[in-house]
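In the working numbering, the protein residues as written are 782 to 1111.
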């Protein structure tokens, strides 16, 4: 018979233990992320794990490599192991060497948790050599801001190279701006020709935030487009009418015919009688009323006047004659 209460208590105990263990693991990870190479106190912000090769060695087909590191062989077949002879910090350093064979090889480490857009510096404080001939071993350090693992990639930004024997490694320093949250540090050794034993010793490798950060380029604000006023609409303006002189036809005067007065013949009735004739009533002959005459201009009126005078004289003579007849009879 399963006791539910006991199961519940056991489950809670297991959950509590798991929480404690997880918290301890996270604490260790955070501590490592805050100081990835605590053995070198002078570089508290170093992001390279096992930067001085003091945390043990891992076997590889070509020998051994420091814990936390990887290798990349471009040409040849060099050997990798540790050295206690040429070192800068601690008791050991990484050695890359050959015995009479040219080679090109790199060790590298990917660094996660960086901030994209931030500049980081990679540097090597120790890269001594034991050449078989003068100036035949090249060393340089590089950063792939995209986090790749191929040292031959064009993305890798390299420092200046040093060839000479000596202990001045200040040239092995380069800065790059992270493009992703993971970037890669490379230490490259190149021996173009070998006349015997050629050795390179790598120690105290570091990567830190660069104190000189790139200046943020302000994003240009596109100018506000000012609306272009539309062109004015052509307005038809009527022109004032042009006065056109029109020839006015003046009618010519028309001659109006003048009606001449009609002479009415007055018949005098005479009665034959034995008796003494009674005095006859005087026949009143009405004078013809002349119609109004439009007198033509100029001398055209003279004939009409003469005609009128003649008619008037004739009528006057007739009247006078009639009066004389009456006077005789009486």
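Ideal placement from N, C-alpha and C gives every residue a C-beta, glycine not left out.
query: For residue 966, which of helix, strand or coil comes out of DSSP?
result: strand
ask   = Is residue 834 closer than 7 Å to residue 849 when the C-beta atoms are compared?
value = no
Problem - Classification of residue 890 by the beta-carbon crowding that lies within 10 angstroms, buried from 16 upward - result: buried
- Item | Buried or exposed (CB count within 10 angstroms, at least 16 for buried), residue 865 | exposed
| said: I'd like the span of the beta strand (DSSP E) that includes residue 853, first residue to last. | reply: 851-856
Between residue 1112 and residue 1003, what straight-line distance do the alpha-carbon atoms span, to the nearest angstrom? This structure cannot speak to residue 1112, because the chain is shown only from 782 to 1111.
ask   = Going by other Cβ atoms of all chains shown within 10 Å of its Cβ, with 16 needed for buried, is residue 966 buried or exposed?
value = buried
Practice problem: Verify whether the separation of the beta carbon atoms of residue 902 and residue 968 is less than 7 Å. | Solution: no
Collapsed DSSP secondary structure at residue 893 in the structure displayed | strand
Inter-residue Cα distance where the pair is residue 996 and residue 958: 12 Å
Does the distance from the C-beta atom of residue 869 to that of residue 953 stay below 7 Å? no
In this structure, what does DSSP give as the bridge partners for residue 954?
904
| message | What does the Cβ neighbour count give for residue 971, buried or exposed, with the cut at 16 atoms within 10 Å? | response | buried
The beta strand (DSSP E) enclosing residue 924, as first and last residue numbers | 919-925
message = Can you tell me where the beta strand (DSSP E) holding residue 841 begins and where it ends?
response = 838-841
Taking Cβ to Cβ, would you say residue 961 is nearer than 7 Å to residue 927?
yes
**Item:** Alpha carbon of residue 1045 to alpha carbon of residue 1105, nearest angstrom
**Value:** Low per-residue confidence applies at residue 1045: pLDDT is 40, beneath 50, and the placement is therefore not dependable enough to give any value.
Which stretch, first to last residue, makes up the beta strand (DSSP E) that contains residue 981?
978-990
So residue 828 packs on residue 896, CB below 8 Å; how close in whole Å?
-> Rounded, the Cβ-Cβ distance is 11 Å, inconsistent with contact.
Q: Kindly indicate the opening and closing residues of the beta strand (DSSP E) around residue 876.
A: 874-880
Helix, strand or coil: which one does DSSP assign to residue 1105? helix
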